[in-house]
Amino acid sequence: MPEPGMVYLDHAGTTPTDPVVLEAMLPYFIHFYGNPSSVHAVGQAARRALDDARERVAKVLHCRTSEVVFTSGGTESDNAAIHGAATALHETGNHVITTSVEHHAVLHTCQYLENLGYEVTYLPVDRFGMVHPEAVYQAITDRTTLVTIMYANNEIGAINPIVDIAKAVKQRAQELERTIVFHTDAVQAAGFLDLNVRQLGVDMLSLSGHKFYGPKGTGVLYIRRGTPFLPLLIGGGQERERRSGTENIPGIVGLATALELADGSREETSAHCAGLRDHIIRYITETIPDVHLNGHPAPRLPNNVNFSFEGVQGEPILLGLDLAGIAASSGSACSSGSLEPSHVLLALGQTAEQARGSLRITLGKSNTQEEVDYTLKVLVDLVVRLRQMPAMPTLTTVTTPPSEPRR
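In terms of our numbering, the sequence shown opens at residue 84 and continues consecutively.
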């Protein structure tokens, strides 16, 4: 839990592990610690826990247990999905389609493929950060093998019409009489949006445990049966030879428990967060002049608020909030002493200066109206004071890749 008195508003970055989840994990550190690949009783106890967790995840995703692959997190799941499908289909084509606002786990993997000779199309988004199914349909060629588009954006909360995009991909694939795999990064969707892969129509889907009150270092990659795939990690042949390495049984048990809890309370949590979100948006737009809400008003993740403040950079806002005991985040990443504007906000058409003035507030199930009211009071006073200060020289943007970007 955050320090006493700390208001935690960075749930898109990570969530605290639910005490129920921790309790479920503990026996697998101490008592049932066997290797699930071992044939003895200690190992088979771990195997039963692994199988049970896989069944519970499959139930939430509405898929077969054989289609669930456990990974170390969202980044590995994204990497494995993109690299695995593209390389499996390289003899039939070398064209990959994604968007300009994906998480860097997707963008950097696509850039890696470009270095190997693949062609990647980075689709633009509209001013709300959404990509339209028709644009995806039009971008598909007779060399396309993979389309990877995020379900919900980690910075601005925009929700893409994944069902319609999946239909567009499948329709175009049928017309071209070729296999085109459709993957979605659903890391920010868990706990707020439906994860029924049959209804979504996706071939692959990525999740990360620590985004829905599970442990860090845990993830899921759903791979529909029959989807062309070559493993990223090879060795012992675990996870049906799709992800080698001894399974993290405590983490997997924790992830399955957290996903069950998150999905079971999805409507309640969404309603709670959406009420606080709407209050924040309304208060800021009515109280602070020269602000811009980033992302679509609706559809939008229930817990996401992202504003750009004219004349103020995001980093001083974050520091001021932190000094007041409030943890939030910015769409920017700081590297080598220089402020790098958010690639998502730049893709929305903002200038680098506007993008540097962003603040992301992401709510969780434990946040209260009292915490939100306190945050708003501090934020308003902070923006007023910062705008009254003499203008600071704009930091030079460097091309050095930032450290691990915030989800």
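Note that the Cβ used here is the ideal one computed from N, Cα and C, for glycine as well.
The C-beta of alanine 411 has 16 or more other C-beta atoms within 10 Å across all chains shown, which makes the residue buried. Within its own chain, the residues whose Cβ lies closer than 6 Å to the Cβ of cysteine 356, once the five positions on either side in sequence are excluded, are Pro385, Asn386, Leu446, listed in chain order.
Inter-segment contact for the region 323 to 333 and the region 109 to 126 is present: three or more beta-carbon pairs are separated by less than 8 Å.
Partner residues in the beta bridge of alanine 410, as assigned by DSSP, are Tyr91. Considering only Thr301, Gly300, Thr340, Phe265, the residue with the shortest C-alpha distance to arginine 307 is Phe265. Pairing glycine 394 with aspartate 361 gives a Cβ-Cβ distance that is not under 9 Å. With respect to serine 348, glycine 274 sits close: the two C-beta atoms are nearer than 9 Å.
If one requires a minimum length of 3 residues, the beta strand (DSSP E) runs lying completely within the region 297 to 365 are 302 to 306, in chain order. In the DSSP secondary-structure assignment, asparagine 389 is bridged to Arg443. Taking a 10 Å sphere around the C-beta of glycine 240, we find 16 or more other C-beta atoms and assign the residue as buried. Taking the Cα positions, cysteine 146 is about 7 Å away from arginine 281. At a Cβ-Cβ threshold of 9 Å, isoleucine 232 and arginine 255 do not count as neighbours.
The DSSP assignment places 216 to 222, 245 to 259, 280 to 283 as complete runs of the alpha helix (DSSP H) inside the region 212 to 292, in order along the chain (cut-off: 4 residues).
Distances from the CA of leucine 402 to each of Val461, Ala430, Leu338, Ile367 were compared; the closest alpha carbon is that of Val461. According to the DSSP assignment, glutamate 197 belongs to no beta strand (DSSP E) but to the alpha helix (DSSP H) extending over 187 to 198.
The Cβ-Cβ distance between threonine 340 and alanine 164 does not fall below 9 Å. Just so you know, the alpha carbons of leucine 359 and asparagine 243 end up roughly 22 Å apart.
Serine 441 is a Cβ neighbour of glycine 397, given a cutoff of 9 Å. Below 8 Å, enough C-beta pairs join the region 175 to 187 and the region 203 to 217 to call them touching: three or more. Across the structure, histidine 114 and glutamate 324 are spaced so that their CA atoms are roughly 27 Å apart. Counting every other CB atom within 10 Å of its CB across the protein chains shown gives alanine 124 a total below 16, marking it as exposed. Lysine 294 is positioned such that its CB atom lies closer than 9 Å to that of threonine 98.
Within the DSSP secondary-structure output, tyrosine 205 pairs in a beta bridge with Thr181. Residue burial annotation: leucine 199 is exposed, with fewer than 16 other C-beta atoms found within 10 angstroms of its C-beta. Residues of the same chain with a CB within less than 8 Å of the CB of valine 285, apart from the 5 flanking positions on each side, are Ile245, Ala249, Phe265, His266, Thr267, Tyr305, Arg307 in chain order. With respect to glycine 212, glycine 96 sits apart: the two C-beta atoms are not nearer than 9 Å. With a 10 Å radius around the Cβ and a threshold of 16 neighbouring Cβ atoms, phenylalanine 390 comes out buried. For leucine 109, the closest C-alpha among the options Val270, Arg210, Val336, Ala435 is that of Val336.
Taking 8 Å as the upper bound for CB-CB distance, valine 90 and threonine 458 are in contact here, some 6 Å apart. DSSP places phenylalanine 153 in no alpha helix (DSSP H) but in the uninterrupted beta strand (DSSP E) bounded by 151 to 154.
The beta carbon of aspartate 209 sits closer than 8 Å to those of His215, all from its chain and outside the five residues before and after it, given in chain order.
Here DSSP, grouped into helix, strand and coil, assigns arginine 131 to helix.
According to DSSP, residue pairing for valine 374 in a beta bridge involves Phe392. In the DSSP assignment, arginine 383 is bridged to Ala241.
Secondary structure of serine 160 (DSSP, three-state): helix.
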